[in-house]
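Asks: I have a structure I would like to understand better, so I am pasting it below and will then ask my questions one at a time.
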Amino acid sequence: ALVDRCTGYFDAMGADLNQIDVSNDVSQIETRTAAALQADPEIDGVLAVGPHVCEAASKAIDDVGAEVHLACFDLSPGVMDLIEAGDASFTIDQQQRLQGYMPVIVLHLYNNSAGLLPGANIPSGPGFVDSTNAAAVKELAGIDR
């Protein structure tokens with residue numbers, strides 16, 4: 625799913641995908657991101673697949689002194705701070721909680737209504753959070769929306 629996220633983004637942007645393979649180890653993310661930025665000064669953007677990657681990539685970008693656009697998928701308090709500070713351009717809010725909650729509701733309805741299912745997809749996103757709406761989204765943290 626992570627590769628699909630990035631591939632879809634880069635296909636839409638008409639850009640080549642240059643993937644940096646990392647684990648969940650923050651120091652590894654910082655080190656590998658910094659190394660990639662130093663090895664290729666033509667890199668002008670980093671798309672992180674999750675908040676912890678975005679936060680670590682931001683540190684690497686600062687450490688290297690690179691001028692690149694940083695964006696990511698999903699929300700965290702740290703990502704919201706990066707957006708408000710101008711250190712990240714945007715994040716894509718897919719409403720992960722709803723992605724886990726809605727299948728339970730659909731299965732309940734299926735089991736209790738003679739096998740009926742919704743007639744179409746139930747999108748939980750995407751919502752884009754950037755500097756124009758970050759403060760409003762931050763106020764809604766922890767509230768169903």
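Take any residue in the sequence shown, count from 1 to its spot, add 624: that is its number in the numbering used here.
We put the CB at the ideal spot given by N, CA and C, even for glycine.
1. Output yes or no for whether 8 Å exceeds the beta carbon distance between THR631 and LEU641.
2. For the segment 673-688 against the segment 716-731, are there 3 or more C-beta pairs whose distance is under 8 Å?
3. Rounded C-beta distance between VAL753 and PHE697? I'm assuming under 8 Å.
4. Quick check for students: name the residue ranges of the alpha helix (DSSP H) that lie wholly in the segment 739-766, counting only runs of 4 or more.
5. By Cβ distance below 7 Å, which residues in the same chain neighbour GLN720 in space, the five residues on each side in sequence not counted?
6. By DSSP, does LEU641 sit in helix, in strand, or in coil?
7. Which residue or residues does DSSP assign as beta-bridge partners of ALA672?
8. DSSP has ASP717 in a bridge; who is on the other side?
Replies: Checking against the coordinates, here is how it stands:
1. yes
2. no
3. That belief does not hold up - the Cβ atoms of VAL753 and PHE697 are roughly 11 Å apart, past 8 Å.
4. 758-763
5. ASP698
6. coil
7. CYS696
8. GLY751
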